[in-house]
Amino acid sequence: MNDLRLILASASIRRRELFSMIGLKYEVIPSLADEDAPLLPPGEFVEQLAFFKANSVFEQQKDKGDCCVVGCDTIVEIDGKIIGKPRDEADACRILRLLSGRTHTVYTGICVMRGNITDIRHDTTRVTFSKLTDAEIKAYVATGEPMDKAGAYGIQGVGGVLVCGVEGCYFTVVGLPLPMLYDMLKKAGIDVLLNFEPKMRYK
């Protein structure tokens, strides 16, 4: 990729792990953008937040040489309501009770910015939870895992035991739909497979 800097505008450990897994050399510069956005349909909502995050970093870095910035955002939707990260443990319990035994939709938005290219998309996956007892919900919340995750669970962690069905891209639920990211990076001139590096680094 010559002197191109690929930048992930997210502090999410899960997204870092996925970037590393597909073998791209990249940097992490977390976005300081305000995550509040006007009330919009879920797909538009995550796209706007992904844009805010990517643009915040891109504006800081664009004069420092060729760079490609990736911003992301993930939310859960159920009963027509958008659910983000829980405020506290009580809120996490409330969210998990709402999801228990039901199917919800996870939306992840991605924005890729390079030069004059601004590509914004989102993907959706339907997730079905097993019926949970109150004791199970409290025990899971006590692990601490739900507190920084949209929908108050992590499918790639202990929260995976709560899930009994997934319709769509698993990686969308984790927070970064890899097939979509791959296509977006190709359109920005970055081919993941041609630039694969087995030992990834991030700053």
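What the sequence shown shows, in this note's numbering, is residues 1 to 203, in sequence order. Heads up, the beta-carbon is just placed ideally off N, CA and C, and yes, glycines get one too.
* To do: For residue 21, count neighbouring C-beta atoms within 10 Å of its own C-beta (all shown protein chains included) and say buried if the count is 16 or more, exposed if not.
  => exposed
* To do: Identify every run of the beta strand (DSSP E) within the segment 111 to 173, keeping only runs that are complete inside it and at least 3 residues long; order them along the chain.
  => 117 to 129, 163 to 167
* With which residues is residue 81 paired in a DSSP beta bridge? -> 78
* To do: Report yes if the C-beta distance between residue 164 and residue 179 is below 9 Å; otherwise report no.
  => no
* State the Cα-Cα distance for the pair residue 186 and residue 135, rounded to the nearest angstrom. => 46 Å
* Asked: Alpha carbon to alpha carbon, how far is residue 191 from residue 52?
  -> 25 Å
* Nearest-angstrom Cα distance between residue 204 and residue 160? -> In the structure as shown, the chain begins at 1 and stops at 203. Residue 204 is therefore absent and cannot be evaluated.
* Asked: What did DSSP end up calling residue 7 once you bin it into helix, strand or coil?
  -> strand
* Asked: How long is the line joining the alpha carbons of residue 152 and residue 127, rounded to whole angstroms?
  -> 13 Å
* For the segment 117 to 132 and the segment 79 to 94, state whether three or more C-beta atom pairs, one from each stretch, are separated by less than 8 Å. => no
* In the DSSP assignment, what are the bridge partners of residue 28? -> 8
* To do: Give the DSSP-derived three-state secondary structure of residue 23 in the structure shown.
  => coil
* To do: Report the residue from 3, 62, 107 whose alpha carbon sits nearest the alpha carbon of residue 50.
  => 107
* To do: Grab the span of the alpha helix (DSSP H) containing residue 183 for me, first residue to last.
  => 178 to 187
* For residue 93, which residues does DSSP report across the bridge? -> None; residue 93 has no bridge partner.
* **Coarse secondary structure for residue 65, derived from DSSP in three states** => coil
* Going straight from the alpha carbon of residue 41 to that of residue 47, what length do you get? -> 10 Å
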